[in-house]
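S.K.: Provided herewith is a single structure, encoded as C-alpha cells, for subsequent inquiry.
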Amino acid sequence: MDLFTDSPRVRSDSMSSSVSQGSRSKALLRQRLSQLLTCIEDMSSDDEASEEVSRTLDEAFQLCGQFIPTDAFRLQIVTWNVATAEPPEDVTALLQLDVQPPTDLYVIGLQEVNATPVRFISDLLVEDAWSHVFMETLAPRGFVKVTSMRMQGLLLLVFAKQFHLPFIRNIQATYTRTGFFGYWGNKGGVTVRFSFYGHMVCFLNCHLAAHLNYALQRVDEIEYILETQDFDISDTPHVRDHKVVFWFGDLNFRIADHGLHFLRSSINGGRLNLLWSKDQLTMMKKKEAFLQEFEEGALNFKPTYKFDRNSETYDTSGKKRKPAWTDRILWRIKPKTLPSEDDDEKASTSADDGLDEYPLLVSQDKYTSDMSYGVSDHKPVIATFSLELRKCFDTPLVHVSPLGLWNADQDALLNYTIQEDFMSSTWDWIGLYKVGFKSAFDYETFVWVREEELPEINEVIQVSVDKDEIPLLGGHYVLGYYSTNMHSIIGLSANFQVLESKRAVMEGLVPENINGLN
6 MDLFTDSPRV RSDSMSSSVS QGSRSKALLR QRLSQLLTCI EDMSSDDEAS EEVSRTLDEA
66 FQLCGQFIPT DAFRLQIVTW NVATAEPPED VTALLQLDVQ PPTDLYVIGL QEVNATPVRF
126 ISDLLVEDAW SHVFMETLAP RGFVKVTSMR MQGLLLLVFA KQFHLPFIRN IQATYTRTGF
186 FGYWGNKGGV TVRFSFYGHM VCFLNCHLAA HLNYALQRVD EIEYILETQD FDISDTPHVR
246 DHKVVFWFGD LNFRIADHGL HFLRSSINGG RLNLLWSKDQ LTMMKKKEAF LQEFEEGALN
306 FKPTYKFDRN SETYDTSGKK RKPAWTDRIL WRIKPKTLPS EDDDEKASTS ADDGLDEYPL
366 LVSQDKYTSD MSYGVSDHKP VIATFSLELR KCFDTPLVHV SPLGLWNADQ DALLNYTIQE
426 DFMSSTWDWI GLYKVGFKSA FDYETFVWVR EEELPEINEV IQVSVDKDEI PLLGGHYVLG
486 YYSTNMHSII GLSANFQVLE SKRAVMEGLV PENINGLN
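Under my numbering, the first residue of the sequence shown is numbered 6, with each subsequent residue one higher.
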C-alpha cells in the first residue's frame, strides 16, 4: 500500500468569496427549489400546482445550466529548486506526458538555476540549459513556449498546446527582488500573467528567505511582492486583481518545534499528519488574512527538502537539516465582493442576479512530488489542475492562410484578415514555422504586415514571400501572425505542405534521383 497517495480532489470557483466557498448561484438555486417545495404544499388545485411547479423548475434548471462551464483544460505546474545543478537528460516523468486527459498548459517554476556571471550572460545570448531541455521535450508533442521570465536564479516557463496560442493574449511579465534589502535577485518573485480565452490568470514563482527562524520575514516578502508588482493592464493592474492566481516555488517554510528524530520517524512511518499542524505556512495562514485567500491541497507527500544528492535519503551531512515542505503550490480565486444591501435590492431585479457570466472553476486533481529526481537537494513538486470555464471568445483575432503551392522555386503568397479590432501595429509580422516549432521566435522566415496603413476589419490583405526565404527541402509548416503589442501569436493557419525545391538537388541538399536510383 502506498503510504503517500495523491491528495483528494480540491475544487474552488471564481464566484467564491473569502468568507464562504458557496457561490451565490448555489444559494439562488436552493432558494428556487425551496420555493418549489412551498408552492407544492400551498397549492390547493392540482392544475395550479402543476403550473407553478413547472415554472419554478424551469427557472431552477435555467439557473443550473447558465453557470455550468462548457470547456475543461488541464494545467500542470512544476516547482523545483534545482540547486545550480544541470538538468537531467530525461524529464518526461516529471512532465507526466502520457497522462489522460492530455495536458493543455505547462507552467514550470525553477529556483537556484545556475546564475554565475559568466553563465548568466551566456544564458542571455542562448537558451539556458533548463529551458532547452523542456523545449526539446515538449515541442515534438505540439507544445510551444508561450513566454518565460528570468531573474538571476529564478526562472518561470509557460508552455501551451499550439492550437491554444491565438487565445492566449496580453502576455506580460515582471519581477521583484527581495534579497539584500531588495537590491539582489537571489530571492524574490517572477510573475507571468495573460488572458486565457478571456480569463485573467497569473502565475507567481517565488524563492523566499531561508532558515527556520525567518517565517515572519517570508510572510512580509510575499505580501510585499503581491502589493508592489503591477501590470500595464487596466482591469488587472495587480496580481490579486486576476481571476485566479497560482503561487508556487521554494517558499522555504519549515516544520517548527519538532526534533529531527520525531520528524524522520513520522515520515518513515507514513504519519505525515502528525507534522501538518507545525508546518509554518499552515500556522501563518491562521494568522494572516491575505494568506487565507490561498488554497492548497493536503501535504500527502514526503517533505521535499533536504536530501543527499542522487538519493532519497534525507541530509546526512554535518548540518543534518530537518526535513521540510519548503516547495509548495497554492492558488487563489479572486473573492467576489460581498454586495451591500442597496446592491442586493438592485440585483434582485437584474436578469442574472449579479452572477458571473463567465465563471472559472478550479479543481486540483493531484498534488505530489517525484522522488526519482536526484540532481538537487530538493525534490520537484507537481500539481495538476482542471480549469473549467466558459470561453469569452473562440475566434482568433486574425485569420491567416497560404495561397497556392509553396516552394523555393517561386515567390509565395499568403492572405491575412483582421477579424476583430485590436491594437495592431506595422511592427506586427507573420512567421513561417515548421510544425513542432518551439516558440514564437523559432520561425524559418517572416514577413512584415502591410506597412502603408493599418487594415480594416474583414479586409483581405495579400502579402508576398520571397522565394529565397522559403526552405529548400520543404516539409509541413504553419503560418502565425505575431502581435508586438500583445506579445503573442494571435492567428495561426492550418498546417500545409511546402514542396521540395528543384534547387535542393542542385545545391546538394538531397541526392539526385537518376532512373529510380540515388
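All C-beta atoms in this analysis are idealised placements derived from N, C-alpha and C, irrespective of residue type, glycine included.
(1) Can you name the start and end residues of the alpha helix (DSSP H) that THR287 belongs to?
(2) Go through its chain and collect everything with a Cβ distance to ARG455's Cβ below 6 Å, but skip five positions before and after it.
(3) Please state the DSSP three-state secondary structure of ASP473.
(4) Return the bridge partner residues of ALA337 from the DSSP annotation.
(5) With DSSP run on the structure shown, which of helix, strand or coil describes ASN278?
(6) Taking 8 Å as the threshold (C-beta atoms), are ALA120 and HIS152 in contact?
(7) With a Cβ-Cβ cutoff of 8 Å, do ASP382 and ALA165 count as a contact?
(8) Expressed to the nearest angstrom, what Euclidean distance is found between the alpha-carbon atoms of GLU512 and TRP411?
(9) With DSSP run on the structure shown, which of helix, strand or coil describes ARG259?
(10) Quick one: which unbroken beta strand (DSSP E) runs of 3-plus residues sit fully inside the region 136-163? Chain order, please.
(11) Taking just the CA atoms, how far does PRO93 sit from PHE139?
(12) Measuring straight from C-alpha to C-alpha, what distance separates ARG482 and ASN191?
(13) Looking only at DSSP bridge pairs, what is ALA294 linked to?
(14) From the DSSP secondary-structure annotation, give me the bridge partner or partners of GLN502.
(15) Does DSSP put TYR219 in a helix, in a strand, or in coil?
(16) Below 8 Å between beta carbons: does that hold for ASP416 and LYS507?
(17) Kindly indicate which residue of TYR372, PRO122, LEU115 has the alpha-carbon position closest to the one of GLU91.
(18) I need the DSSP call for ASP225, collapsed to helix, strand or coil.
(19) Run through DSSP, which three-state label would ILE238 get?
(20) Since GLU301 and LEU335 are thought to touch, with beta carbons under 8 Å apart, how far apart are those beta carbons, to the nearest angstrom?
(21) Between VAL380, LEU418, MET428, which has its C-alpha nearest VAL402's C-alpha?
(22) Short check: CB of ASP433 to CB of TYR372, under 8 Å?
(23) Are the beta-carbon atoms of THR142 and LEU100 separated by less than 8 Å?
(24) In the DSSP assignment, find the unbroken beta strand (DSSP E) run with THR84 in it and report its ends.
(25) Is PHE427 helix, strand or coil when you go by DSSP?
(26) Can you tell me which of HIS243, SER136, GLY184, VAL197 puts its alpha carbon nearest to the alpha carbon of ARG223?
(27) In chain order, what residues of the same chain lie with their CB nearer than 8 Å to the CB of LEU408, ignoring the 5 residues before and after it?
(28) Could you check what DSSP says for ASN273 in three-state terms: helix, strand or coil?
(29) Alpha carbons only, please: which of ASP133, TRP85, ASP109 is nearest the one belonging to CYS211?
(30) Would you kindly report the start and end of the unbroken beta strand (DSSP E) that includes ALA98?
(31) Spatial neighbours of PRO106 within its chain, please: CB distance less than 6 Å, with the 5 preceding and 5 following residues excluded, ordered by chain position.
(32) Quick one, are the C-beta atoms of ILE475 and ALA445 less than 8 Å apart?
(33) Would you give the residue range spanned by the beta strand (DSSP E) that ARG508 belongs to?
(34) Cβ atoms of LEU497 and LEU170: under 8 Å apart, would you say?
(35) Rounded to whole angstroms, how far is the Cβ of LEU280 from the Cβ of HIS263, which I believe are closer than 8 Å?
(36) With a CB to CB cut of under 8 Å and the five nearest residues on each side skipped, what residues in its chain are close to ASP246?
M.R.: Per the coordinate set shown:
(1) 285-290
(2) Here the set comprises ILE466.
(3) helix
(4) Correcting the residue type first, residue 337 is Arg in the shown sequence and not Ala. BP columns for ARG337 point to VAL250.
(5) helix
(6) The sequence given here has Thr at residue 152, not His. The answer is no: Cβ separation not under 8 Å.
(7) no
(8) 19 Å
(9) coil
(10) 148-156
(11) 10 Å
(12) Strictly speaking, residue 482 in this sequence is Tyr, with Arg absent from that position. If you take the alpha carbons of TYR482 and ASN191, they lie about 41 Å apart.
(13) Under DSSP, ALA294 takes part in no beta bridge, so it has no partner.
(14) Per DSSP, HIS481.
(15) helix
(16) no
(17) LEU115
(18) helix
(19) The answer is coil: DSSP assigns ILE238 none of H, G, I, E or B.
(20) 5 Å
(21) Sequence check: residue 402 is Leu here, not Val. The option with the nearest alpha carbon to LEU402 is MET428.
(22) Inclusion of ASP433 and TYR372 in the CB contact set at 8 Å is not warranted, their separation being larger than that value.
(23) THR142 is a Cβ neighbour of LEU100, given a cutoff of 8 Å.
(24) 76-86
(25) Of the three classes helix, strand and coil, the one that applies to PHE427 here is coil, per DSSP.
(26) GLY184
(27) ALA417, LEU418, LEU419, ASN420, GLN467
(28) helix
(29) TRP85
(30) Careful: ALA98 lies outside any beta strand (DSSP E), inside the alpha helix (DSSP H) at 97-100.
(31) ARG79
(32) No.
(33) Counting along the chain, ARG508 falls outside any beta strand (DSSP E), though it belongs to the alpha helix (DSSP H) covering 508-511.
(34) yes
(35) 7 Å
(36) MET205, ASP240, LYS339
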